[in-house]
Amino acid sequence: MSTFEHKELRLIEPAFGSPLTDLIIELDHLRKKRLGGSTMPWIFFQLKAIFHLLESIGSARIEGNNTTVAEYIETKLQGRKSRKPNIIEIENMEKAMKFVDTHIGKQAVHRAFISELHKLVVEGLPLPPGGEGDRTPGLYREHPISIANSDHVPPPSQQQIEAYMDELTAFIAREDAPKYDLMKTAIAHHRFMWIHPFGNGNGRTGRLLTYALLVKQGFAISKGRIVNPTAVFCISRKNYYDFLGEADSGTDEGLLRWCRYVLSGLKNEIEKIDRLLDHRYLEKEILIPALKISLDRKQITELEFRILEKAVRAEEQLIQAADVRELVPGKIPQEISRVIRNLKDKKMLLPVKEKRRKYHIRFENNYLLRSVMQMLDEKGFLSVKD
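Just so we're aligned: 87 in our numbering is position 87 of the sequence shown, and the numbers increase by one with no gaps anywhere.
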């Protein structure tokens with residue numbers, strides 16, 4: 001029978017000429033790179049919401065939640081609060097990611113912050129063994145625990161957990177050279193999973209912690225970047241658990257292999273998603289084809305297609321009544337207003353706050369979302385597959 005073995009928490013030095021060092025340099029460049037993409041904020045933040053949705057589904061799926069992307073989208077479109085635990089679990093992840101975005105800039109990653117993440121993750125969920133909730137939300141467990149798909153035995157006592165978590169938060173807060181930031185994030189993720197401090201919900205909380213650390217290190221939404229770290233882990237659950245297992249050995253080799261796995265996946269994901277900041281690409285490859293799909297499915301009319309297409313193609317990705325009038329010459333202003341109002345009622349056009357008579361396409365919570373997701377999938381942006 002396996003027993004708990006102490007392993008030291010430490011930074012490790014990759015060889016100067018190693019692929020891991022190359023990854024650290026490339027990711028540091030991406031972190032500092034000034035993003036001047038042509039996709040406007042009113043479009044970008046809808047994409048961010050979609051990738052948060054995918055992040056939440058992916059993190060839940062690693063833990064065995066079998067909800068498909070299509071099923072979850074339907075709950076969004078229906079606009080009704082679900083009582084199904086598998087849906088609540090994903091909604092909890094979305095809330096937790098919004099909490100990170102709102103608070104991480106001003107808050108240290110300390111015990112209270114991690115506890116709040118855990119509370120959000122398990123809120124309203126049935127208790128084990130059949131559910132994904134926790135009897136003591138936000139509190140460290142008081143009993144031994146085993147980890148599925150792992151031979152590792154986590155620290156068994158609450159006293160040990162307290163000590164190891166204090167060590168981890170101090171490690172995160174420690175002022176090391178910036179070149180170590182990404183290594184620290186990968187090591188902190190493994191260490192959190194190694195400790196398994198809560199009775200349940202550790203995987204989901206650990207992946208949120210990784211997201212928070214990346215945003216805090218400069219991979220920030222405010223700089224126009226979408227970060228989707230769970231995509232690294234959910235592409236292959238087996239690889240995720242295998243590399244975690246290697247790091248559990250505590251050897252330099254095992255930890256370096258784990259870091260390389262995390263950082264290579266992160267680099268690929270960031271470079272892929274950053275392409276969406278180029279509006280020409282987004283327009284040609286995602287949004288216009290998605291509108292054509294919606295037209296074919298009769299979710300929008302021919303006139304609505306032309307209006308939304310014009311909104312997508314416009315330089316500022318905005319449209320106003322005069323633009324609609326050009327599409328339907330001869331119509332009186334009241335008729336133009338009615339067409340715009342219909343699209344607003346269908347949640348497919350939304351006025352820009354600072355330019356109330358100008359509108360942008362809206363696709364994050366209406367039937368256009370299905371088509372946008374289909375095109376993102378076809379172009380390789382969805383790490384979560386149905």
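Positions of the beta carbon are idealized from the N, C-alpha and C atoms, including for glycine.
Three-state secondary structure (DSSP) of residue i
{"i": "Tyr281", "result": "helix"}
{"i": "Val356", "result": "Checking the displayed sequence, the identity of residue 356 turns out to be Arg instead of Val. Three-state DSSP puts Arg356 in a strand."}
{"i": "Ile145", "result": "coil"}
{"i": "Gln217", "result": "coil"}
{"i": "Asp311", "result": "Contrary to the premise, residue 311 reads as Ala rather than Asp in this sequence. Three-state DSSP puts Ala311 in a helix."}
{"i": "Gly131", "result": "coil"}
{"i": "Phe233", "result": "helix"}
{"i": "Pro333", "result": "helix"}
{"i": "Asp176", "result": "coil"}
{"i": "Val153", "result": "coil"}
{"i": "Asn200", "result": "coil"}
{"i": "His189", "result": "helix"}
{"i": "Ala15", "result": "coil"}
{"i": "Ala108", "result": "coil"}
{"i": "His6", "result": "coil"}
{"i": "Gly64", "result": "coil"}
{"i": "Pro85", "result": "helix"}
{"i": "Val227", "result": "coil"}
{"i": "Phe171", "result": "helix"}
{"i": "Tyr261", "result": "helix"}
{"i": "Tyr72", "result": "helix"}
{"i": "Val328", "result": "coil"}
{"i": "Arg306", "result": "helix"}
{"i": "Arg207", "result": "helix"}
{"i": "Phe243", "result": "helix"}
{"i": "Ile300", "result": "coil"}
Bridge-paired residues (DSSP) for residue i
{"i": "Leu349", "result": "Ile361"}
{"i": "Ile319", "result": "Tyr359"}
Best match in the options for proximity to residue i [C-alpha to C-alpha]
{"i": "Phe381", "options": "Thr21, Val312, Leu54", "result": "Leu54"}
{"i": "Lys7", "options": "Leu214, Leu255, Pro126", "result": "Leu255"}
{"i": "Leu168", "options": "Leu120, His152, Ala108, Glu74", "result": "Ala108"}
{"i": "Ser249", "options": "Leu291, His152, Gly265", "result": "His152"}
{"i": "Phe219", "options": "Arg174, Leu327, Gly105", "result": "Gly105"}
{"i": "Thr102", "options": "Pro129, Met165, Glu175, Val215", "result": "Val215"}
{"i": "Glu283", "options": "Lys346, Val372, Met183", "result": "Val372"}
{"i": "Leu9", "options": "Ile288, Ala188, Gln217", "result": "Ala188"}
{"i": "Lys179", "options": "Ala212, Lys331, Ser59, Arg31", "result": "Arg31"}
{"i": "Ser115", "options": "Ile319, Glu162, Glu315, Glu269", "result": "Glu162"}
{"i": "Arg260", "options": "Phe4, Thr3, Ala15, Ser2", "result": "Ala15"}
{"i": "Leu287", "options": "Thr136, Glu26, Met375, Gly206", "result": "Met375"}
{"i": "Arg313", "options": "Ile293, Lys292, His279", "result": "His279"}
{"i": "Ile87", "options": "Ile57, Glu246, Arg297", "result": "Ile57"}
{"i": "Ile3", "options": "Pro144, Ser82, Phe99, Ser294", "result": "The amino acid occupying residue 3 in the given sequence is Thr; Ile does not appear at that position. For the residues Pro144, Ser82, Phe99, Ser294, the minimum Cα distance to Thr3 belongs to Pro144."}
{"i": "Glu26", "options": "Gly265, Leu11, Lys98, Arg141", "result": "Gly265"}
{"i": "Arg225", "options": "Pro41, Ile12, Asp22, Leu11", "result": "Pro41"}
{"i": "Gly130", "options": "Pro19, Gly64, Ile361", "result": "Gly64"}
{"i": "Arg357", "options": "Glu309, Tyr367, Leu349", "result": "Leu349"}
{"i": "Arg207", "options": "Val121, Thr251, Glu175, Gly245", "result": "Val121"}
{"i": "Asp28", "options": "Arg257, Ala311, Asp181", "result": "Asp181"}
Assigned exposure category for residue i - 16 Cβ within 10 Å defines buried
{"i": "Lys48", "result": "buried"}
{"i": "Ala112", "result": "exposed"}
{"i": "Glu271", "result": "exposed"}
{"i": "Asp134", "result": "buried"}
{"i": "Val339", "result": "buried"}
{"i": "Arg370", "result": "buried"}
{"i": "Gln334", "result": "exposed"}
{"i": "Gly199", "result": "buried"}
{"i": "Leu127", "result": "exposed"}
{"i": "Glu315", "result": "exposed"}
{"i": "Leu263", "result": "buried"}
{"i": "Arg83", "result": "exposed"}
{"i": "Ser337", "result": "exposed"}
{"i": "Asn66", "result": "exposed"}
{"i": "Pro329", "result": "exposed"}
{"i": "Ser294", "result": "buried"}
Residue-level contact to chain B via CB, residue i, 8 Å cutoff
{"i": "Glu246", "result": "No chain B is present in this structure, which holds just one protein chain."}
| Inside the stretch 29 to 57 only - alpha helix (DSSP H) runs reaching at least 4 residues | none
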